[in-house]
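Heads up: the sequence shown begins at 1 in the UniProt record's numbering, then just goes up one per residue.
Written below as structure tokens is the structure these notes are about.
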Amino acid sequence: MPISLLKGSDRIADIAIEKHEAIRKFLRQRTDEHVDWDDTLHQLRVLAG
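And the structure:
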């Protein structure tokens, strides 16, 4: 296993792994789901937080 995949060895990789599912869910918005711009920006800020 590459060292970067061992938890604690790379802080940025750890954060990306922790947020992976939430980011995937955000990007998989249904085509019939409408979210206003302010809510979209809020969701992105939470993910980036």
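Don't be surprised by glycine CBs; every beta carbon is placed ideally from N, CA and C.
Computed from a predicted model, the values in this text were never measured in an experiment.
- Counting only the Cα atoms, LEU5 lies some 11 Å from ALA16.
- For ASP32, there is no enclosing alpha helix (DSSP H), as DSSP gives it neither H nor E.
- Looking from the CA of PHE26, the closest CA among GLY49, ASP32 and LEU44 belongs to LEU44.
- Judged by DSSP secondary structure, ASP39 falls within the alpha helix (DSSP H) whose first and last residues are 37-48.
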